[in-house]
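In what follows, a single structure is set out as structure tokens and then discussed.
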Amino acid sequence: MGEPILSVSGVYKSFGHVQALKNVSFTLNKGEVLGLVGDNGAGKSTFIKVLSGVHKKDGGSINYEGKEVDFASPKDAIAAGIETVYQDLALAPDLPIYSNMFLGREMVRPGLLGKLGFVDKQAMRDSVLTNITKLKATLNHVEQEVGTLSGGQRQSVAITRAVIWGKKVIIMDEPTAALGVEESAKVLDIVNEIKKHGITVIFISHTIPHVMEVSDRICVLRLGETVADLKTSETSYEEVVQFITGSKTQINRK
Numbered sequence: 060m061g062e063p064i065l066s067v068s069g070v071y072k073s074f075g076h077v078q079a080l081k082n083v084s085f086t087l088n089k090g091e092v093l094g095l096v097g098d099n100g101a102g103k104s105t106f107i108k109v110l111s112g113v114h115k116k117d118g119g120s121i122n123y124e125g126k127e128v129d130f131a132s133p134k135d136a137i138a139a140g141i142e143t144v145y146q147d148l149a150l151a152p153d154l155p156i157y158s159n160m161f162l163g164r165e166m167v168r169p170g171l172l173g174k175l176g177f178v179d180k181q182a183m184r185d186s187v188l189t190n191i192t193k194l195k196a197t198l199n200h201v202e203q204e205v206g207t208l209s210g211g212q213r214q215s216v217a218i219t220r221a222v223i224w225g226k227k228v229i230i231m232d233e234p235t236a237a238l239g240v241e242e243s244a245k246v247l248d249i250v251n252e253i254k255k256h257g258i259t260v261i262f263i264s265h266t267i268p269h270v271m272e273v274s275d276r277i278c279v280l281r282l283g284e285t286v287a288d289l290k291t292s293e294t295s296y297e298e299v300v301q302f303i304t305g306s307k308t309q310i311n312r313k
């Protein structure tokens with residue numbers, strides 16, 4: 060695995076009297092898939108919103124590519140190469156696949172036409188086709204309206220969009236939630252393809268078997284703090300669940 064790209068130490072965040080994060084700490088290496096797990100209320104969603112610039116942390120440090128950062132907005136995180144795929148996907152159902160992938164970031168035509176605001180539809184189509192092929196996503200036609208796609212195909216659109224723009228780190232929030240077995244498998248295949256291209260992934264899910272299938276390491280949050288940082292190859296489904304529920308609080312390795 061490559062050198063660290065993200066190092067999080069003692070991050071905490073409160074909303075009034077509610078302490079959502081107490082002590083989140085882990086290190087993420089380049090090209091690694093980190094499974095971030097925990098029960099409802101463990102702090103997963105709050106943490107990714109801190110990391111992606113939606114919320115400001117109250118304390119602790121986040122080092123990204125060797126420099127301490129504190130993103131003031133999602134635009135700052137995106138500019139740094141960090142993209143987040145949220146559960147709602149933020150897709151426009153009436154627009155075709157290629158338009159959704161460039162929504163708000165359209166490519167313009169060269170020369171005078173570009174200065175006048177004319178978009179380069181062909182360049183966008185070509186870019187989308189290249190990335191769909193690279194990730195082996197099951198999307199048949201870039202002109203197809205997103206509203207006609209299945210749940211798994213919509214997830215593929217959102218993930219492929221993140222790959223186009225998130226050149227370094229992609230955060231996926233419950234990417235297989237509400238998907239069937241076959242469509243979940245296709246999403247997991249895409250995650251594995253992303254890893255092959257050296258992009259770092261934070262994979263958040265309640266479905267532990269999915270996490271174990273694609274991750275290199277698993278970070279367990281409980282009540283707002285990191286309680287375990289495990290190599291996936293050295294742990295088990297049962298142990299991860301024990302940390303999530305609190306029945307196990309420390310690692311005992313022979």
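Residue numbers (the working numbering): 60 to 313. Where a beta carbon is used, it is the ideal one built from N, C-alpha and C, also for glycine.
Take the Cβ of residue i as the centre, count every other Cβ of all protein chains shown within 10 Å, and call the residue buried at 16 or more, exposed below.
i	result
Tyr-296	exposed
Lys-255	exposed
Asp-232	buried
Leu-172	exposed
Phe-74	exposed
Val-144	buried
Thr-235	buried
Glu-293	exposed
Ser-274	buried
Val-354	Residue coverage of the chain in this structure runs from 60 to 313, which leaves residue 354 outside it and unanswerable.
Ala-138	exposed
Ser-104	buried
Lys-116	buried
Lys-108	buried
Gly-118	exposed
Gly-100	exposed
Tell me whether residue i counts as near the ligand PLP, meaning its Cβ is closer than 7 Å to at least one heavy atom of that ligand.
i	result
His-269	The ligand PLP is not part of this structure, which contains no ligands at all.
With distances taken between CB atoms, is the gap from residue i to residue j smaller than 8 Å?
i	j	result
His-265	Ser-243	no
Gln-214	Leu-238	yes
Leu-194	Thr-219	yes
Ser-132	Gly-163	no
Ile-230	Ile-121	no
Leu-148	Ala-217	yes
Val-96	Val-83	no
Asn-251	Val-205	no
Val-128	Phe-262	no
Gly-397	Gln-78	Here the chain has residues from 60 to 313 only, and residue 397 is not among them.
Lys-245	Thr-197	yes
Rounding to the nearest angstrom, what Cα-Cα distance links residue i and residue j in this structure?
i	j	result
Thr-207	Arg-276	36 Å
Ile-253	Glu-124	19 Å
His-76	Phe-106	17 Å
Ala-151	Pro-169	26 Å
Lys-81	Thr-285	9 Å
Tyr-71	Thr-259	23 Å
Lys-134	Val-279	28 Å
Thr-192	Asp-185	11 Å
Thr-62	Lys-89	As written in the sequence, residue 62 is Glu, which differs from the Thr given in the question. Their Cα atoms are separated by approximately 6 Å.
Lys-174	Gly-102	45 Å
Gln-146	Met-271	20 Å
Ser-209	Lys-290	34 Å
Gly-257	Ile-64	12 Å
Lys-307	Tyr-157	47 Å
Asp-318	Ile-249	Past the edges of the chain, shown from 60 to 313, lies residue 318, and the structure says nothing about it.
Val-240	Gly-69	37 Å
Phe-302	Phe-85	16 Å
Ala-136	His-114	12 Å
Asp-153	Ala-287	43 Å
Asn-311	Leu-87	Any answer about Asn-311 is weak, because its pLDDT of 48 lies below 50 and its placement is not dependable; what the coordinates show is given next. Cα to Cα, Asn-311 sits roughly 23 Å from Leu-87.
Gly-94	Val-167	37 Å
Asn-190	Met-183	11 Å
Gly-211	Phe-130	31 Å
State the CB to CB distance for the pair residue i and residue j, rounded to an integer number of angstroms; the pair is presumed to be in contact (CB under 8 Å).
i	j	result
Val-201	Pro-155	7 Å
Does the pairing of the stretch 173-180 with the stretch 222-230 give three or more beta-carbon distances under 8 Å? Touching, no, given that fewer than three Cβ pairs across the two stretches are closer than 8 Å.
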